[in-house]
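Please read the structure below before turning to the comments.
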Amino acid sequence: MKRVKRFILVTAAVLGILSLGGCGAKEQVSIANEDKTPVQISVEESTLEDDGVYIGSIRKLTGEFDEIRANFVLAKDGILYFTQDEIDKEEGRNHRILLPINPATGELEGEPLKLGEWADALYISSAVTLADDYIFLAYEFQGDDSEIILTRCSKDGTVITQRPLKGMSQIPVEDPSIVRIVSDDGNLYLITDGVVTLLDNELGFKKVLLNAGYNSGCVGPDGLIYFVDFLSGNMSSYDAGSDKVKENILNIPSASEVYAGAEGELLVSTGHSLKSVDLKSLEVTALFDYIDVGLSNVAESTIYRDDAGDIHICFSKNSDVAVGGQSVSALVPFVDDIRRYSKENAPQADEIRIACLYMNSDLREVINDYKLAHPEIRIKIKSYDEKHGDFNEVLEAIDADIIDGAVYDVWVLDGIPVRKYSEKGLFENLLPYIQSDSSFDISKYYENGLMALKEGDKLYALTSKVYLESYVADKDVFGNKEALSFDDIVSARERYKDIPFIATGYCDSVFKRFLRTDYTMFLGGRVGVYDFETEEFEKLLAFAGTFPSWTEEQQRSYNAYAEIMEGNAKFRFASHTGVLNFLLDRGAFGNKARFYKIESSSGSHFYISPSGCFAISTMSTHKEEAWELLKGFLDAKDYLSGLEYRVNRDAFKTGIHDSWAYSKEDSAFTYRGLKIPTYMTEADGNIIIDMMEQAIATPELDAKIWDIIEEEVSYYFAGEKTLEETVKILQKRVNLYLEESR
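Residue numbers are given in this note's numbering: position 377 of the sequence shown equals residue 476, and the series is strictly consecutive.
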């Protein structure tokens, strides 16, 4: 095992709110408890990386059951239990049965259990055993509403107790999709909306054990019950014998599911990788990414380790199955049998290494398809979000890996500052790849988006998804002009001093957003000049200083759309990742909404910024293979049609068309209790297309200079320095940096 890092992660949660910073940098997820007071939890994690090689073999689970209609509900003592409808020809109806299946053979392990009429009209999502009985968690759908029903029945199918959750007022069930049951065969534990409740043997409420975002639990090999909180990654335990809860015994970022492993071990899934927890030392070992073992976009049903030490992941996925002489797509159960090899004994294969902040599901599918087409190649993914909860921590970890000589073939750069690393010579210039590849059809893409990161005659990263940036404002205030200048906004604000005027208008945000729109004008009037002692820069700093400073809590709880709809904000910086963002801004301003170009020293423009981008390492020994992967990433399936702006022209226009086609006059989106109209017209779609076709790349500033500016203006906004002092120290520090960089 290789020790990677020991660090402190401070976070806990019931509520998570993700916002994008005004300057293109990702802000970390903000966490608060029920009264919105931040909770500070310090949890130390020892993270190890398994130095073995894991190889999976996927097989469809077939045998004495109809895999098309089988629904997994329970894993117990190495047996998988599925529910299935059995056709009774004499009665002319279906009966729900429970099938015990041996996952090694796909054969029945015992007799099927007929569940009785109570189950025939319900959707059974999961089950556990309690003493000698079964407990079933089932849904009864009634139009748009659903009822969740717990049923206890004996192993001959006789119903003992049945209880709807709506009848238990102590148990929260706001989101009926997040309901789980866990049993240690003596006690029953219900997880609903993050709350862990202990039930009595009559399925009634007994007491609340945990209340902090928990979504999964299992009985560990040591007899304790373990629960994970998917927002914070915190793990807690409950000892039924002593009736003791231990909260936050461990933190595993992105933990989503927990399973019993071998003796003294828990297996923890993050949704795209598997980790092992040593219950004695609480050390966490990263075993493998699911891509390593042939899995991409699947949700596991259960995971277990057998006596030989092999790991088995049972899952369901859409698969073509022959039915009545025709091929139909159905959800079919599969098993991935995974064996660990030492590096010395592993089957030989070339390895492509991919580094990313996080790996999106659409990219994982591209990687998996590539692996299927090239079985001789092994792909290894390093996902930095799995070990680091803070964005700055991620950048520090990347820097440390580069210094240590870590070599990756492909970089997935969502949120990672490309120029910071391209300046160090880390990335290949991709223009020669494009020019020499006759199969690459550049006309398929919006070139302004695809090459948003072009630096002169160099292109170090391709962009697949973008932000579109503009101003959106009340046209009764600003009129029907095509573009707005900084002076237009300053002048208009003079007429509205008694209201906040700018949505999300706190000093730091106002300063950064305006500076970012035109570095050239504010910093001396010429590209490459950094003159802070200009009338324009001092005017911007003074203007931003008239807006209040906000605490982190104010930023978390603020609702820009409410401010606009109440008439307290007349202007907003619009940075849209997709159609929904556009519609929310348009809906908040209503029939007064107008999207304006940004007037700058180079003209009036909409701007385009990269959201998803990819690069090839100059150190790669698999550059041709890496290029093939990059091309696949550009054309990845768009599962979020309309929610993301793709540079692929067809995907972009399909997203707009889909959003328009599904829109209704009463369409609305509820944000923090506020209902915002999102009805889309054909004219809206044309505005978005015009933005995309006309946008130019957002101006970029040297990352180090930006850091200096952020630091020094923070002292001004805090009242610790005057405007004159701030300008002088900025000029001095930036000049010093430029001299040292020559």
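Quick reminder that beta carbons are idealized off the backbone N, C-alpha and C, glycines included.
Inter-residue Cα distance where the pair is residue i and residue j
{"i": "A668", "j": "R693", "result": "14 Å"}
{"i": "K827", "j": "K519", "result": "26 Å"}
{"i": "L462", "j": "E189", "result": "50 Å"}
{"i": "K574", "j": "Y706", "result": "20 Å"}
{"i": "L114", "j": "F732", "result": "Confidence in L114 is poor, its pLDDT being 23 and thus under 50, which makes the residue's placement too unreliable to answer from."}
{"i": "M791", "j": "Y545", "result": "8 Å"}
{"i": "G285", "j": "I390", "result": "38 Å"}
{"i": "V431", "j": "N193", "result": "20 Å"}
{"i": "V576", "j": "A591", "result": "7 Å"}
{"i": "D789", "j": "D737", "result": "21 Å"}
{"i": "G624", "j": "S700", "result": "8 Å"}
{"i": "G578", "j": "V571", "result": "12 Å"}
{"i": "G851", "j": "H371", "result": "Only positions 100 to 841 of the chain appear in the structure, and residue 851 is not among them; the question remains open."}
{"i": "A551", "j": "S708", "result": "7 Å"}
{"i": "R655", "j": "T603", "result": "11 Å"}
{"i": "D292", "j": "G312", "result": "7 Å"}
7 Å Cβ shell around residue i - same chain, five flanking residues per side excluded
{"i": "Q830", "result": "F631 and E632"}
{"i": "A359", "result": "C317, V318, G319, P320 and L365"}
{"i": "K374", "result": "I351, V367, V383, T384, A385 and L386"}
{"i": "K696", "result": "S569, E581, A582, S703, H704 and F705"}
{"i": "D734", "result": "N747"}
Per DSSP, the bridge partner or partners of residue i
{"i": "A582", "result": "K696"}
{"i": "Q183", "result": "I196"}
{"i": "F235", "result": "A226 and T250"}
{"i": "Y744", "result": "V565"}
{"i": "W510", "result": "A454 and A714"}
{"i": "D449", "result": "I476"}
{"i": "V376", "result": "L365 and V383"}
{"i": "T769", "result": "K774"}
{"i": "E356", "result": "S368"}
{"i": "N417", "result": "L430"}
{"i": "H411", "result": "Y403 and D436"}
{"i": "K763", "result": "Paired residue(s): none; K763 is not in a bridge."}
{"i": "S703", "result": "E698"}
Same chain only: Cβ atoms within 8 Å of residue i, ignoring 5 sequence neighbours per side
{"i": "E727", "result": "Y469"}
{"i": "L683", "result": "Y660, F768, Y770, I775 and T777"}
{"i": "R404", "result": "G360, A361, E364, L366, I410 and H411"}
{"i": "D822", "result": "It is Leu, not Asp, that sits at residue 822 in the sequence shown. Taken in chain order, the residues that qualify are E637, L640, A641, G644 and Y815."}
{"i": "M267", "result": "G303 and F304"}
{"i": "N658", "result": "Y770, R771 and L773"}
Under the three-state DSSP convention, the category residue i falls into
{"i": "E133", "result": "Residue confidence for E133 is low, a pLDDT of 31 falling below 50, so the modelled location carries little weight and cannot support an answer."}
{"i": "P531", "result": "helix"}
{"i": "T825", "result": "helix"}
{"i": "D176", "result": "coil"}
{"i": "I402", "result": "strand"}
{"i": "L298", "result": "strand"}
{"i": "Q269", "result": "coil"}
{"i": "G686", "result": "helix"}
{"i": "R832", "result": "helix"}
{"i": "R438", "result": "strand"}
{"i": "E838", "result": "helix"}
{"i": "K730", "result": "helix"}
{"i": "R262", "result": "strand"}
{"i": "V576", "result": "helix"}
{"i": "A591", "result": "helix"}
{"i": "S282", "result": "strand"}
{"i": "E166", "result": "coil"}
{"i": "M664", "result": "helix"}
{"i": "N333", "result": "strand"}
Contacts around residue i, its chain only, beta-carbon distance under 6 Å, and the 5 residues preceding and following it disregarded
{"i": "E356", "result": "S315 and S368"}
{"i": "G711", "result": "D513, S563 and K564"}
{"i": "A445", "result": "V152"}
{"i": "V327", "result": "S315, M334, A354 and V357"}
{"i": "R279", "result": "I290"}
{"i": "Y566", "result": "S674, T676, S708 and S710"}
Contact test: residue i Cβ vs the ligand GTP heavy atom, cutoff 6 Å
{"i": "I478", "result": "Although the ligand GTP was asked about, the structure shown includes no ligands whatsoever."}
With a cut-off of 8 Å, do at least 3 Cβ pairs link the segment 209 to 218 to the segment 192 to 199?
yes
With contact counted as at least three CB pairs below 8 Å, one residue from each stretch, are the segment 797 to 815 and the segment 775 to 789 in contact?
no
Any contact between the segment 552 to 559 and the segment 674 to 681? By contact I mean 3 or more CB pairs, one from each, below 8 Å.
no
State whether the segment 580 to 597 contacts the segment 651 to 659, with contact taken as three or more CB pairs (one from each stretch) at a distance under 8 Å.
no
Between the segment 226 to 235 and the segment 250 to 261, do three or more beta carbon pairs fall short of 8 Å?
Yes, since at least three Cβ pairs between the segment 226 to 235 and the segment 250 to 261 fall closer than 8 Å, the two stretches touch.
Are there three or more Cβ pairs, one per stretch, closer than 8 Å when the segment 713 to 730 is compared with the segment 739 to 759?
no
Would you call the segment 521 to 538 and the segment 756 to 768 touching, i.e. three or more CB-CB distances under 8 Å?
no
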